[in-house]
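Mapping of the sequence shown onto numbering that gives the first Met the number 0: position 59 corresponds to residue 58, and the numbering continues sequentially without gaps.
All C-beta atoms in this analysis are idealised placements derived from N, C-alpha and C, irrespective of residue type, glycine included.
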Amino acid sequence: MSRRPGFTLLEMLVAMTLLAFIMVAGQQAIALAARAAAPRGDGGHGFLVRRQIADWLETAMPIRSDRRERAPLIFTGEPQVLRFVTVLPERFGKAGPHIVTFSRSDGGLRMSWQLLRPTADVAAAGERILLEGVSRVGFRYWDASDNLGWRDAWPVGLRMPSMVELSLDGGASAGWQPFRVVMRNR
(Lines of atoms letter the chains of each structure in order from A and count residues from 1; the text may use other names and numbers.)
(Lines give C-alpha, C1' and ligand atoms only; values in the text may rest on other atoms or scores of the structure.)
Protein backbone atom coordinates (compact mmCIF):
# COMPACT_ATOMS: atom_id res chain seq x y z
CA MET A 1 0.00 0.00 0.00
CA SER A 2 1.51 3.27 -1.08
CA ARG A 3 0.87 6.49 0.74
CA ARG A 4 -0.37 9.48 -1.26
CA PRO A 5 1.26 12.89 -0.74
CA GLY A 6 -0.57 15.34 1.53
CA PHE A 7 -1.77 15.66 5.09
CA THR A 8 -4.09 13.37 6.97
CA LEU A 9 -7.25 14.62 8.59
CA LEU A 10 -5.67 14.27 12.03
CA GLU A 11 -2.63 16.33 11.01
CA MET A 12 -4.91 19.07 9.65
CA LEU A 13 -6.94 19.19 12.89
CA VAL A 14 -3.76 19.48 14.99
CA ALA A 15 -2.41 22.26 12.74
CA MET A 16 -5.70 24.18 12.87
CA THR A 17 -5.85 23.85 16.67
CA LEU A 18 -2.30 25.19 17.03
CA LEU A 19 -3.09 28.06 14.66
CA ALA A 20 -6.19 28.91 16.73
CA PHE A 21 -4.10 29.01 19.92
CA ILE A 22 -1.55 31.30 18.25
CA MET A 23 -4.30 33.63 17.01
CA VAL A 24 -5.92 33.85 20.46
CA ALA A 25 -2.53 34.57 22.06
CA GLY A 26 -1.86 37.31 19.48
CA GLN A 27 -5.25 38.90 20.07
CA GLN A 28 -4.66 38.87 23.83
CA ALA A 29 -1.24 40.50 23.37
CA ILE A 30 -2.79 43.27 21.27
CA ALA A 31 -5.56 43.83 23.85
CA LEU A 32 -2.97 43.98 26.65
CA ALA A 33 -0.91 46.54 24.73
CA ALA A 34 -4.01 48.66 24.10
CA ARG A 35 -4.90 48.62 27.80
CA ALA A 36 -1.33 49.58 28.73
CA ALA A 37 -1.43 52.58 26.36
CA ALA A 38 -4.44 54.01 28.23
CA PRO A 39 -3.59 53.52 31.91
CA ARG A 40 -6.27 55.96 33.10
CA GLY A 41 -9.09 53.92 31.64
CA ASP A 42 -10.10 56.55 29.10
CA GLY A 43 -9.80 54.18 26.15
CA GLY A 44 -6.98 56.23 24.64
CA HIS A 45 -9.07 59.41 24.39
CA GLY A 46 -6.49 61.51 26.25
CA PHE A 47 -3.69 60.34 23.98
CA LEU A 48 -5.74 61.21 20.89
CA VAL A 49 -6.59 64.67 22.25
CA ARG A 50 -2.91 65.41 22.96
CA ARG A 51 -1.94 64.25 19.47
CA GLN A 52 -4.69 66.36 17.86
CA ILE A 53 -3.69 69.49 19.82
CA ALA A 54 -0.06 68.94 18.82
CA ASP A 55 -1.06 68.57 15.15
CA TRP A 56 -3.08 71.80 15.20
CA LEU A 57 -0.24 73.70 16.88
CA GLU A 58 2.40 72.30 14.51
CA THR A 59 0.41 73.54 11.54
CA ALA A 60 -0.47 76.96 13.00
CA MET A 61 -0.42 79.52 10.20
CA PRO A 62 1.25 82.96 10.47
CA ILE A 63 -1.71 85.00 9.20
CA ARG A 64 -1.90 88.75 9.80
CA SER A 65 -4.89 90.45 11.41
CA ASP A 66 -5.40 92.56 8.28
CA ARG A 67 -3.79 93.03 4.88
CA ARG A 68 -1.21 95.64 5.94
CA GLU A 69 2.37 94.42 5.66
CA ARG A 70 3.29 95.19 9.30
CA ALA A 71 -0.02 94.11 10.82
CA PRO A 72 0.35 91.80 13.84
CA LEU A 73 -0.19 88.07 13.49
CA ILE A 74 -3.35 86.42 14.74
CA PHE A 75 -1.49 84.67 17.57
CA THR A 76 -2.15 85.36 21.23
CA GLY A 77 -0.05 83.56 23.80
CA GLU A 78 -1.04 84.10 27.42
CA PRO A 79 -0.34 81.93 30.49
CA GLN A 80 -3.84 80.33 30.41
CA VAL A 81 -5.09 81.11 26.89
CA LEU A 82 -3.69 80.31 23.45
CA ARG A 83 -5.19 81.70 20.22
CA PHE A 84 -3.89 80.93 16.73
CA VAL A 85 -4.94 80.14 13.14
CA THR A 86 -4.89 76.59 11.78
CA VAL A 87 -6.77 74.53 9.22
CA LEU A 88 -9.70 72.55 10.63
CA PRO A 89 -11.64 69.81 8.81
CA GLU A 90 -15.28 70.02 7.74
CA ARG A 91 -16.63 68.56 11.00
CA PHE A 92 -15.97 72.01 12.53
CA GLY A 93 -18.42 73.71 10.15
CA LYS A 94 -16.50 74.38 6.98
CA ALA A 95 -13.05 73.06 6.12
CA GLY A 96 -10.37 75.73 6.00
CA PRO A 97 -8.48 78.19 8.19
CA HIS A 98 -10.05 78.85 11.59
CA ILE A 99 -9.09 80.96 14.59
CA VAL A 100 -8.72 78.43 17.41
CA THR A 101 -8.62 79.25 21.13
CA PHE A 102 -7.63 76.85 23.92
CA SER A 103 -8.51 77.80 27.50
CA ARG A 104 -9.87 76.35 30.71
CA SER A 105 -13.57 76.44 31.48
CA ASP A 106 -15.61 74.97 34.33
CA GLY A 107 -15.93 71.70 32.43
CA GLY A 108 -12.25 71.26 31.53
CA LEU A 109 -10.00 72.11 28.57
CA ARG A 110 -12.14 74.13 26.16
CA MET A 111 -11.52 74.61 22.47
CA SER A 112 -13.41 77.31 20.61
CA TRP A 113 -13.12 78.09 16.93
CA GLN A 114 -14.40 80.51 14.35
CA LEU A 115 -13.93 80.59 10.63
CA LEU A 116 -11.17 83.02 9.61
CA ARG A 117 -13.31 84.46 6.82
CA PRO A 118 -16.93 83.59 7.66
CA THR A 119 -19.58 83.10 5.00
CA ALA A 120 -23.34 83.43 5.40
CA ASP A 121 -24.12 79.81 4.48
CA VAL A 122 -22.04 78.06 7.19
CA ALA A 123 -21.99 78.21 10.99
CA ALA A 124 -18.88 80.29 11.61
CA ALA A 125 -18.12 79.42 15.25
CA GLY A 126 -18.37 76.70 17.86
CA GLU A 127 -16.82 75.27 20.98
CA ARG A 128 -16.39 71.98 22.82
CA ILE A 129 -14.73 70.52 25.88
CA LEU A 130 -11.76 68.41 24.76
CA LEU A 131 -10.82 67.00 28.18
CA GLU A 132 -13.18 66.96 31.14
CA GLY A 133 -12.20 67.79 34.70
CA VAL A 134 -9.04 69.74 33.88
CA SER A 135 -8.40 72.11 36.81
CA ARG A 136 -5.41 74.02 35.42
CA VAL A 137 -4.25 74.92 31.91
CA GLY A 138 -0.86 76.51 31.39
CA PHE A 139 1.02 77.63 28.30
CA ARG A 140 4.65 78.70 27.90
CA TYR A 141 6.41 79.95 24.79
CA TRP A 142 9.98 79.48 23.53
CA ASP A 143 11.76 81.99 21.33
CA ALA A 144 14.79 80.52 19.56
CA SER A 145 16.01 83.95 18.43
CA ASP A 146 17.09 85.15 21.90
CA ASN A 147 18.54 83.74 25.11
CA LEU A 148 15.59 84.52 27.35
CA GLY A 149 14.33 80.93 27.49
CA TRP A 150 10.69 80.14 28.21
CA ARG A 151 8.20 83.00 28.42
CA ASP A 152 4.87 82.94 30.24
CA ALA A 153 3.29 85.18 27.60
CA TRP A 154 4.00 85.77 23.93
CA PRO A 155 3.78 89.40 22.77
CA VAL A 156 1.47 90.20 19.90
CA GLY A 157 3.75 90.90 17.00
CA LEU A 158 5.19 89.93 13.67
CA ARG A 159 6.24 86.34 14.43
CA MET A 160 5.18 83.23 16.30
CA PRO A 161 7.17 81.36 18.96
CA SER A 162 9.48 78.49 18.05
CA MET A 163 7.83 76.13 20.50
CA VAL A 164 4.76 75.99 22.76
CA GLU A 165 4.51 74.01 26.00
CA LEU A 166 1.12 72.89 27.30
CA SER A 167 0.63 71.82 30.94
CA LEU A 168 -2.64 70.34 32.17
CA ASP A 169 -3.63 69.25 35.69
CA GLY A 170 -6.59 67.28 36.96
CA GLY A 171 -9.32 65.14 35.46
CA ALA A 172 -8.44 63.19 32.34
CA SER A 173 -4.97 64.78 32.28
CA ALA A 174 -3.91 63.60 35.75
CA GLY A 175 -0.33 62.38 35.69
CA TRP A 176 0.54 63.90 32.32
CA GLN A 177 3.89 65.57 31.84
CA PRO A 178 3.86 68.95 30.07
CA PHE A 179 4.20 68.43 26.35
CA ARG A 180 6.00 70.65 23.88
CA VAL A 181 5.16 71.30 20.26
CA VAL A 182 7.56 72.77 17.70
CA MET A 183 5.87 75.33 15.45
CA ARG A 184 6.58 74.49 11.80
CA ASN A 185 5.21 77.58 10.00
CA ARG A 186 6.88 80.38 11.95
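Item, Value
"By alpha-carbon positions, which one of 133, 124 and 117 ends up nearest to residue 103?", "133"
"Determine the direct distance from the alpha carbon of residue 165 to that of residue 191, and round the result to whole angstroms.", "Here the chain has residues from 0 to 185 only, and residue 191 is not among them."
"Following the continuous alpha helix (DSSP H) through residue 46, name the residue where it begins and the one where it ends.", "44-57"
"Under a Cβ-count criterion, where at least 16 other Cβ atoms within 10 Å of its own Cβ denotes burial, should residue 138 be classed as buried or exposed?", "buried"
"Below 8 Å, how does it come out for the stretch 79-92 and the stretch 50-65: are there three or more Cβ pairs, yes or no?", "yes"
"With a threshold of 7 Å on Cβ separation, who are the neighbours of residue 70 within its own chain once the five nearest residues in sequence on each side are excluded?", "63 and 64"
"According to DSSP, is residue 83 helix, strand or coil?", "strand"
"Within the stretch 67-137, note down every full beta strand (DSSP E) run reaching 3 residues or more, in order along the chain.", "81-87, 95-104, 107-114 and 124-131"
"If you draw a straight line from the alpha carbon of residue 129 to that of residue 149, how long is it in whole angstroms?", "26 Å"
"Is the number of C-beta pairs between the stretch 108-124 and the stretch 153-163 that are closer than 8 Å three or more?", "no"
"Does the beta carbon of residue 113 fall short of 6 Å from some heavy atom of the ligand SAM?", "The ligand SAM is not part of this structure, which contains no ligands at all."
"Tell me where the beta strand (DSSP E) around residue 168 begins and ends.", "162-168"
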